[in-house]
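Colleague: Protein sequence lines correspond, in order, to chains A and B.
Just so we're aligned: 414 in our numbering is position 52 of the first sequence, and the numbers increase by one with no gaps anywhere.
Just so we're aligned: 341 in our numbering is position 57 of the second sequence, and the numbers increase by one with no gaps anywhere.
We treat Cβ as the ideally placed atom computed from N, Cα and C, and that holds for glycine.
The structure displayed is predicted, hence computed values, not measured ones.
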Amino acid sequence: NAGVTQTPKFQVLKTGQSMTLQCAQDMNHNSMYWYRQDPGMGLRLIYYSASEGTTDKGEVPNGYNVSRLNKREFSLRLESAAPSQTSVYFCASSEGGAGNTIYFGEGSWLTVV
Amino acid sequence: DAKTTQPPSMDCAEGRAANLPCNHSTISGNEYVYWYRQIHSQGPQYIIHGLKNNETNEMASLIITEDRKSSTLILPHATLRDTAVYYCIVSPSEDYKLSFGAGTTVTVRA
Chain A
363 NAGVTQTPKF
373 QVLKTGQSMT
383 LQCAQDMNHN
393 SMYWYRQDPG
403 MGLRLIYYSA
413 SEGTTDKGEV
423 PNGYNVSRLN
433 KREFSLRLES
443 AAPSQTSVYF
453 CASSEGGAGN
463 TIYFGEGSWL
473 TVV
Chain B
285 DAKTTQPPSM
295 DCAEGRAANL
305 PCNHSTISGN
315 EYVYWYRQIH
325 SQGPQYIIHG
335 LKNNETNEMA
345 SLIITEDRKS
355 STLILPHATL
365 RDTAVYYCIV
375 SPSEDYKLSF
385 GAGTTVTVRA
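Okay, here's the thing in structure tokens:
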């Protein structure tokens, strides 16, 4: 029962470096999401993909890009990392539609120095 | 604009029922009430959701008032493993995304 799998789990970047967080789900879900969580805060939506081939901005999209590679995979890219992007990143997926339940991955801890 | 209001923290005794309140006075007719929880450093976990009627599953019960302006999540027999941040979320059925607030930090004490 893999569910939602994120890689890497931990990463340290220097300011200005780029990196991509990978996410895959094996539940045949239509919708996928990227959230970030800063210390002591709730989750904030970065981007989401309601279905394969579509992506939309969430609450805090600046500094990020996403790619819905196929139905299973949804990646998050930081083109030029900044210390303000130090956070825990959660990928999630859901079937979509009425009363949909969102399933989360275990998180990726990113530190930008 | 926060759609829900939850107490920042609460304690409960192990083995007793934990009743977590949530106010959502501006809820619309097509909006669901969801509850998730987040155990330290883990991804959030779905607990339960409902629209109008009370709901029960193997984890918890959800009681929604008749006017739908508030709800209560009940953990029937709290254990130490239920210590977590609990999020009450209101979202339309057609909305694919959920907005998480600060939640309630629940500490279960032996």
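1) Just mark residue 442 of chain A as buried or exposed, buried being the case when its beta carbon has 16 or more other beta carbons within 10 Å.
2) Are the C-beta of residue 383 of chain B and some C-beta of chain A separated by less than 8 Å?
3) Applying the 10 Å Cβ sphere with the 16-neighbour rule, what's the burial state of residue 285 of chain B?
4) So, helix, strand or coil for residue 285 of chain B, using DSSP?
5) Could you check whether residue 392 of chain A and residue 413 of chain A sit closer than 8 Å to each other, using their CB atoms as the reference points?
6) Looking at chain B, is there any beta carbon in it that lies within less than 8 Å of the beta carbon of residue 465 of chain A?
7) Going by DSSP in three states, residue 312 of chain B sits in which element: helix, strand or coil?
8) Measuring CB to CB, does residue 330 of chain B end up less than 8 Å from residue 465 of chain A?
9) With a cut-off of 8 Å, does the C-beta of residue 407 of chain A fall near any C-beta of chain B?
10) Just the C-alpha distance for residue 287 of chain B and residue 315 of chain B, rounded to the nearest angstrom, thanks.
11) Within the 8 Å Cβ cut-off, does residue 301 of chain B reach chain A?
12) Please compile the residues from chain A whose C-beta is within a distance smaller than 9 Å of the C-beta of residue 326 of chain B.
13) Residues bridged to residue 406 of chain A by DSSP?
14) What does residue 386 of chain B touch in chain A if you count any residue whose Cβ is under 8 Å from its own?
15) In whole angstroms, what is the alpha-carbon distance linking residue 306 of chain B and residue 438 of chain A?
16) Do the region 293 to 309 of chain B and the region 356 to 365 of chain B meet, that is, are 3 or more Cβ pairs less than 8 Å apart?
17) Am I right that residue 386 of chain A and residue 435 of chain A are in contact with their C-beta atoms under 8 Å? What's the rounded C-beta distance?
18) List the residues of chain B that residue 452 of chain A touches, going by C-beta distances under 7 Å, in chain order.
19) For residue 391 of chain A, which residues does DSSP report across the bridge?
20) Please list the partners that residue 420 of chain A has in chain B, where partner means a Cβ-to-Cβ separation under 8 Å.
21) Can the beta-carbon of residue 317 of chain B be found less than 8 Å from the beta-carbon of residue 374 of chain B?
22) Please list the partners that residue 370 of chain B has in chain A, where partner means a Cβ-to-Cβ separation under 8 Å.
23) What number of angstroms, rounded off, separates the C-alpha of residue 368 of chain A from the C-alpha of residue 394 of chain B?
Modeller: With the given structure in hand:
1) Within the first sequence, numbered from 1, the residue matching residue 442 of chain A stands at position 80. Classification for residue 442 of chain A: exposed.
2) On the second sequence, position 99 is the one that residue 383 of chain B refers to. Chain A contact via Cβ: present.
3) As a first step, residue 285 of chain B is located in the second sequence; it is residue number 1 there, counting from the start. Note that residue 285 of chain B scores 49 on pLDDT, short of 50, meaning its location in the model is unreliable; the coordinates nonetheless yield the value given after this. It is exposed - the Cβ of residue 285 of chain B has fewer than 16 other Cβ atoms within 10 Å.
4) Start at 1 with the first residue of the second sequence, and residue 285 of chain B comes out as number 1. Low confidence applies to residue 285 of chain B: its pLDDT is 49, below 50, so where it sits in the model is not reliable, and the reading given next is rough at best. Reduced to three states, the DSSP call for residue 285 of chain B is coil.
5) Position 51 of the first sequence, counted from the start, is the residue given in the question as residue 413 of chain A. Position 30 of the first sequence, counted from the start, is the residue given in the question as residue 392 of chain A. Contact flag set, yes.
6) In the first sequence, the residue the question calls residue 465 of chain A occupies position 103. True, the Cβ-Cβ gap to chain B drops below 8 Å.
7) The residue labelled residue 312 of chain B in the question sits at position 28 within the second sequence. For residue 312 of chain B, the secondary structure class from DSSP, reduced to helix, strand or coil, is coil.
8) One-based indexing of the second sequence puts residue 330 of chain B at position 46. One-based indexing of the first sequence puts residue 465 of chain A at position 103. The answer is yes: Cβ separation under 8 Å.
9) Working through the first sequence from its first residue, we reach residue 407 of chain A at position 45. With 8 Å as the cut-off, residue 407 of chain A counts as an interface residue toward chain B.
10) On the second sequence, residue 287 of chain B is found 3 positions in, with the first residue counted as 1. On the second sequence, residue 315 of chain B is found 31 positions in, with the first residue counted as 1. Cα to Cα, the separation comes out at about 11 Å.
11) Numbered from its first residue, the second sequence carries residue 301 of chain B at position 17. Output row for residue 301 of chain B: interface = no.
12) The sequence position of residue 326 of chain B within the second sequence is 42, counting from 1. The answer, in chain order, is 466, 468, 469.
13) Counting from 1 along the first sequence, the entry for residue 406 of chain A is found at position 44. Partner(s): A/398.
14) On the second sequence, residue 386 of chain B is found 102 positions in, with the first residue counted as 1. Within chain A, the residues near residue 386 of chain B are 403, 404.
15) Locating residue 306 of chain B in the second sequence gives position 22, where the first residue counts as 1. Locating residue 438 of chain A in the first sequence gives position 76, where the first residue counts as 1. C-alpha separation (whole angstroms): 33 Å.
16) yes
17) Along the first sequence, read from residue 1 onward, the residue named residue 386 of chain A stands at position 24. Along the first sequence, read from residue 1 onward, the residue named residue 435 of chain A stands at position 73. Yes, residue 386 of chain A and residue 435 of chain A are in contact; Cβ-Cβ is about 5 Å, under 8 Å.
18) If you number the first sequence from 1, residue 452 of chain A lands on position 90. Per Cβ cutoff of 7 Å: 327.
19) Against the first sequence, residue 391 of chain A aligns to sequence position 29. None; residue 391 of chain A has no bridge partner.
20) One-based indexing of the first sequence puts residue 420 of chain A at position 58. Within 8 Å Cβ-Cβ: 381.
21) Translated into positions along the second sequence, residue 317 of chain B becomes position 33. Translated into positions along the second sequence, residue 374 of chain B becomes position 90. Yes.
22) Mapped onto the second sequence, residue 370 of chain B falls at position 86. None at all; the shortest Cβ gap to chain A is about 11 Å.
23) Within the first sequence, residue 368 of chain A is the residue found at index 6, counting from 1. Within the second sequence, residue 394 of chain B is the residue found at index 110, counting from 1. The straight-line gap from Cα to Cα measures roughly 34 Å.
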